[in-house]
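Asks:
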Amino acid sequence: MSEELKKEAAIINPADTLKELEAKQAELKKFLANMENTNKPVEKDSQEYHLQRLLNENYVNPYDVLEIALEANEVEIKKRFRDLSRKLHPDKCKHERAADAFSEVEKAYKILMDPDKKRLYQRIMREARERVEIERDRENKKRRKEGKAPLPDDTFNIDVQAMCQKLFDQIEDNQRYFERVETIKRRRMHKDMEKRKIAREVEKEVEREWEDGRDKRAKDWRNFTGKAKGSKKRVKLGLKIPKTRMEKRPKSAKGGEGYSMGVDEGYKREWK
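In terms of full-length UniProt numbering, the sequence shown opens at residue 1 and continues consecutively.
(1) Of the choices Phe178, Glu43, Tyr109, Leu51, whose alpha-carbon is the least far from that of Pro62?
(2) When you compare only the Cα positions, how much space is there between Thr38 and Gln161?
(3) Can you tell me where the alpha helix (DSSP H) with Leu112 in it begins and where it stops?
(4) Check Glu146 in the structure and name its three-state DSSP category.
(5) Do you know offhand how far Ile134's Cα is from Arg144's?
(6) Three or more beta-carbon pairs under 8 Å between the region 77-87 and the region 142-156, yes or no?
(7) Tell me where the alpha helix (DSSP H) around Lys191 begins and ends.
(8) Please go through the same chain and pick out, in chain order, the residues whose beta-carbon is closer than 8 Å to the beta-carbon of Lys118, but skip the five residues on each side of it.
(9) If we call anything under 9 Å between Cβ atoms a contact, is Tyr177 one with Glu104?
(10) How close, in whole Å, do the beta carbons of Gln127 and Leu167 come, if the pair is a contact with beta carbons under 8 Å?
(11) Pop quiz: Glu57 and Tyr49 are said to be a contact at Cβ under 8 Å. What is the actual Cβ separation, rounded to whole angstroms?
(12) Under 8 Å by Cβ, that's how I've got Asp159 and Val132 pegged, so tell me the actual separation to the nearest angstrom.
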């Protein structure tokens with residue numbers, strides 16, 4: 001045997017080769033087991049079933065979360081909540097997201113235990129059922145005219161759930177719209193309040209400056225009026241007002257001659 005072959009033979013350890021083979025076989029068994037579990041159908045109402053549906057779907061209807069009928073009473077709702085709690089509560093379920101799944105169940109339970117909220121969801125579900133019945137009747141009439149088979153009965157509940165989802169989505173969209181409107185209103189009110197606040201502050205500042213300058217304005221006014229009085233001079237008029245004369249009738253006047261009584265034009269001689 002050549003020296004190179006001897007070196008390669010020394011490197012290969014049979015024990016190490018056996019360990020590697022066993023490790024690969026273990027990995028293969030684990031992979032096949034996982035594939036078997038993946039392809040195995042999930043049993044309905046099992047822990048795994050509820051984990052998958054609650055963590056992978058977005059529910060807006062509490063009846064769908066608890067998977068109970070619309071006609072379920074308070075006793076049935078409580079019983080269903082206890083059943084799901086035994087499967088999904090974090091203390092009894094080791095799944096890393098068990099708390100999230102149980103939170104959905106607990107939220108749905110609290111909604112249905114509130115009479116007002118329960119009536120709201122019941123009204124929406126009844127509305128969905130009525131709409132589906134009308135649409136299916138219309139579709140079946142059309143199918144009969146065309147010689148087709150009517151819609152299968154087992155799809156009725158599926159259609160109702162889809163209609164419920166549609167109605168809940170519309171309500172949620174409307175709620176978001178009104179929330180945006182309210183947010184805009186609050187922002188505008190806040191801006192108006194800020195403007196009024198600034199206006200009041202400016203008004204107070206002007207009043208304060210006016211009050212602070214009151215003494216100075218009074219002093220300036222007194223100085224101004226004092227100077228005006230000192231510089232005022234009397235003005236003599238050049239007109240001489242004629243003296244008032246008693247009315248008299250000339251002695252030379254006879255009958256209608258002379259001046260009329262009450263007329264005295266003698267003052268005109270002083271003009272010359």
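All C-beta atoms in this analysis are idealised placements derived from N, C-alpha and C, irrespective of residue type, glycine included.
Replies: Taking the coordinates as given:
(1) Against the sequence shown, residue 62 aligns to sequence position 62. Nearest to Pro62 by alpha-carbon distance, out of Phe178, Glu43, Tyr109, Leu51, is Tyr109.
(2) Looking up residue 38 in the sequence shown gives position 38. Looking up residue 161 in the sequence shown gives position 161. Interpretation of Thr38 is limited by its pLDDT of 49, a score under 50 that renders its predicted location unreliable; no figure is taken from the coordinates.
(3) For the purposes of this step, residue 112 is taken as residue 112 along the sequence shown, with counting starting at 1. 98-112 is the extent of the alpha helix (DSSP H) around Leu112.
(4) For the purposes of this step, residue 146 is identified with residue 146 of the sequence shown, where counting begins at 1. Coil at Glu146, not helix or strand.
(5) Mapped onto the sequence shown, residue 134 falls at position 134. Mapped onto the sequence shown, residue 144 falls at position 144. Whole-angstrom Cα-Cα distance: 16 Å.
(6) Between the region 77-87 and the region 142-156, the count of Cβ pairs shorter than 8 Å is below three; the stretches do not touch.
(7) Numbered from 1 along the sequence shown, position 191 holds the residue referred to as residue 191. Its alpha helix (DSSP H) spans residues 156-212.
(8) Counting from one through the sequence shown, the residue named residue 118 turns up at place 118. Excluding sequence neighbours, Lys118 sits near Ile111, Leu112.
(9) The sequence position of residue 177 within the sequence shown is 177, counting from 1. The sequence position of residue 104 within the sequence shown is 104, counting from 1. By the CB criterion at 9 Å, Tyr177 and Glu104 fall outside the cutoff.
(10) Mapped onto the sequence shown, residue 127 falls at position 127. Mapped onto the sequence shown, residue 167 falls at position 167. In the sequence as presented, Gln is not what sits at residue 127; that position holds Glu. About 6 Å; that satisfies the 8 Å criterion.
(11) By 1-based counting over the sequence shown, the position of residue 57 is 57. By 1-based counting over the sequence shown, the position of residue 49 is 49. Their Cβ separation, rounded to whole angstroms, is 12 Å, which puts Glu57 and Tyr49 out of contact at 8 Å.
(12) Looking up residue 159 in the sequence shown gives position 159. Looking up residue 132 in the sequence shown gives position 132. A Cβ-Cβ separation of about 5 Å places Asp159 in contact with Val132 under the 8 Å criterion.
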